[in-house]
Amino acid sequence: MKLVDAVDMYVLRRQTTGQKFQSPAVALRAFSRRYRNRPLQAITPTEVKQFLDVPQTGPATWRRKYGVLRDFFTYWRCRGKLNTIPMPPAAPKYTQTFVPYIYSRRELRLLLDAVSRCQRNVECRISAVTLRTLLVFLYGTGMRVGEALRLQLADVNLDNSVITIRSTKFYKSRLVPLGTDVVRLLRKYLATPERWNQHYQPLFQSRQRKRLGHTLVNTTFRRLRSLAGVCRSDTSSHQPRLHDLRHTFAVHRLTEWYRKGADVQILLPALSTYLGHVDLHSTQSYLTMTPELLAEANRRFQDYVYGGRHEQ
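Under our numbering, the first residue of the sequence shown carries the number 2, and numbering increases by one thereafter.
What follows is the structure in structure tokens.
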């Protein structure tokens, strides 16, 4: 059996069982293109390692592709097509040092103020009103960028102030309630003359009335961030991203709850469900993300222990 045939059969099998299997399929097909006419049985651990060690492959991507290939070869060995699994030794575990960026409210204003300068050229595929609406929408809802870009008008019910998110990161659908400010923002955006408002049309459209792509949106945001002068002041090599608006939404909401005296531990599961997290641990990580939030949590603890009589 040729490698390319084995990959096609395996991908089809996984997808017919109800899995999307999109990202793993991309990795497997890239692997099959590299060794297309090689028999499945002839693939060696050295060849697998050469595929994994291509330049500019980060540790997380390396381990993800490693797992995809390991599962692929295990599948065919269980079916008698391989005598051994041709996998090289796994890479040692690495420590994830990336920390999401939490925008201050001042930085959010700087970004919004820079939109008109960033998109003033009529040749820009994203209009200023669309970019501004997308930024405020992401911050106001905490939605993932991909979820927002996949939204169609049929998913948006402004009369009931709710959005239906379909095919989420973890293959589930969920309802996201909208605040009055976000509803007002979307009503104004949908009334702009440049739009084409049909149910099957994307909510966020380019000037050509097409769905916005990830690459276009992220490239535009990097240009916007540079114009706004928003950058990290710590030692991280990662600059603030568009996706960090989601983390900012969560941290600002938690900080507001602390300041209002709300029981954050009771509200945390609701925030986790709202964000579409698969477990509470992902949401709890936000509790230690900024000095401001830590200060509010510490103040609450001091009030609990000392009854509000501690020194400020």
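Think of the CB as a built atom: it goes at the ideal place given N, C-alpha and C, for glycine as much as any other residue.
DSSP-derived helix/strand/coil call for residue i
{"i": "T85", "result": "coil"}
{"i": "I164", "result": "strand"}
{"i": "N158", "result": "strand"}
{"i": "Q266", "result": "helix"}
{"i": "K21", "result": "coil"}
{"i": "K66", "result": "helix"}
{"i": "V100", "result": "coil"}
{"i": "Q51", "result": "helix"}
{"i": "R212", "result": "strand"}
{"i": "L41", "result": "helix"}
{"i": "Q206", "result": "strand"}
{"i": "L176", "result": "strand"}
{"i": "Q16", "result": "helix"}
{"i": "L4", "result": "helix"}
Whether residue i touches residue j by CB criterion (8 Å)
{"i": "R106", "j": "R247", "result": "no"}
{"i": "L4", "j": "L41", "result": "yes"}
{"i": "V116", "j": "T142", "result": "no"}
{"i": "P1", "j": "D6", "result": "A question about residue 1 goes unanswered here, because the residues of the chain that appear run from 2 up to 313."}
{"i": "F205", "j": "L150", "result": "yes"}
{"i": "L225", "j": "L112", "result": "yes"}
{"i": "Y104", "j": "P241", "result": "yes"}
{"i": "L217", "j": "I86", "result": "no"}
{"i": "V265", "j": "L281", "result": "no"}
{"i": "Q120", "j": "L132", "result": "yes"}
{"i": "F22", "j": "R15", "result": "yes"}
{"i": "F52", "j": "Y11", "result": "no"}
{"i": "H215", "j": "G262", "result": "no"}
Residue i versus the options, residue with shortest Cα-Cα distance
{"i": "L154", "options": "Y11, D235, Y190 and R39", "result": "Y190"}
{"i": "T181", "options": "N161, V8 and T193", "result": "N161"}
{"i": "W197", "options": "L132, Q209 and R188", "result": "Q209"}
{"i": "L228", "options": "L109, N38, I44 and R71", "result": "L109"}
{"i": "Y36", "options": "E257, V49 and R226", "result": "V49"}
{"i": "P194", "options": "R80, R78 and S207", "result": "S207"}
{"i": "R185", "options": "K211, N158 and H200", "result": "N158"}
{"i": "S24", "options": "K82, G68 and V130", "result": "G68"}
{"i": "N219", "options": "D235, R212, V55 and L243", "result": "L243"}
{"i": "L83", "options": "L272, H253, R254 and M2", "result": "M2"}
{"i": "A251", "options": "G277, S234, R233 and H239", "result": "G277"}
{"i": "I44", "options": "R71, Q120, R260 and C119", "result": "R71"}
{"i": "E124", "options": "T221, E148 and R80", "result": "T221"}
{"i": "L187", "options": "Y201, D156 and R64", "result": "D156"}
{"i": "V137", "options": "H200, N122 and L179", "result": "L179"}
{"i": "A192", "options": "R223, H239, S234 and V130", "result": "V130"}
{"i": "T249", "options": "T284, R223 and H200", "result": "T284"}
{"i": "Y287", "options": "G230, H253, Y275 and D114", "result": "H253"}
{"i": "D114", "options": "V231, Y259, R78 and S237", "result": "V231"}
Nearest-angstrom Cβ-Cβ length linking residue i and residue j, presumed shorter than 8 Å
{"i": "P46", "j": "A92", "result": "Not quite, the Cβ-Cβ distance comes to about 13 Å (not below 8 Å), so this is no contact."}
{"i": "S33", "j": "V55", "result": "Rounded, the Cβ-Cβ distance is 15 Å, inconsistent with contact."}
{"i": "S174", "j": "I164", "result": "About 11 Å; that fails the 8 Å criterion."}
{"i": "L152", "j": "P90", "result": "Going by Cβ atoms, the distance from L152 to P90 rounds to 43 Å, so no, they are not a contact pair."}
{"i": "K66", "j": "A28", "result": "5 Å"}
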